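In my numbering, the protein residues as written are 6 to 116.
(1) By the DSSP assignment, the alpha helix (DSSP H) with residue 12 in it spans what residues?
(2) Would the stretch 52-67 count as touching the stretch 78-85 if we require 3 or more Cβ pairs under 8 Å?
(3) Which residue from 33, 30, 17, 32 puts its Cα closest to that of residue 53?
(4) When the Cα atoms are used, what is the spatial distance from residue 10 to residue 19?
(5) Entirely within the stretch 40-78 and at least 4 residues each: give me those alpha helix (DSSP H) ranges in chain order.
This is how it looks when you write it as structure tokens:
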């Protein structure tokens, strides 16, 4: 009973998110995708349980989620090496974002 209610609410949240996707003004006015394009769709696919589709849409989503979770834990508990770990994860995430954007540019998938 609780699982069916959970699935109902999760499905309604996913449907709401799909109906209310934000507009990328960079793409709207310039005509090419920005380095953040695909984040919303990847998040929705992750909520649906489609990990591979999520990674194809936006490979940096999982590291971003991990980074923000760790940031919250660090702010709450003041981890000893939390700031250093956050810096490393941030740099790793930035590299993933840049590499995937360059890959889109090379493969002409930015239009």
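Idealized CB from N, CA, C, for every residue including glycine. Quick caveat: nothing in here was measured; it's all calculated off a predicted structure.
Looking at the atomic coordinates:
(1) Residue range 7-24 is occupied by the alpha helix (DSSP H) that includes residue 12.
(2) In short, these stretches do not touch, since the Cβ pair count stays below three.
(3) Residue 17 is the option with its Cα nearest to residue 53.
(4) So the alpha carbons of these two residues sit roughly 14 Å apart.
(5) Runs of the alpha helix (DSSP H) lying entirely within the stretch 40-78, each at least 4 residues long, are 44-53, 56-62 in chain order.
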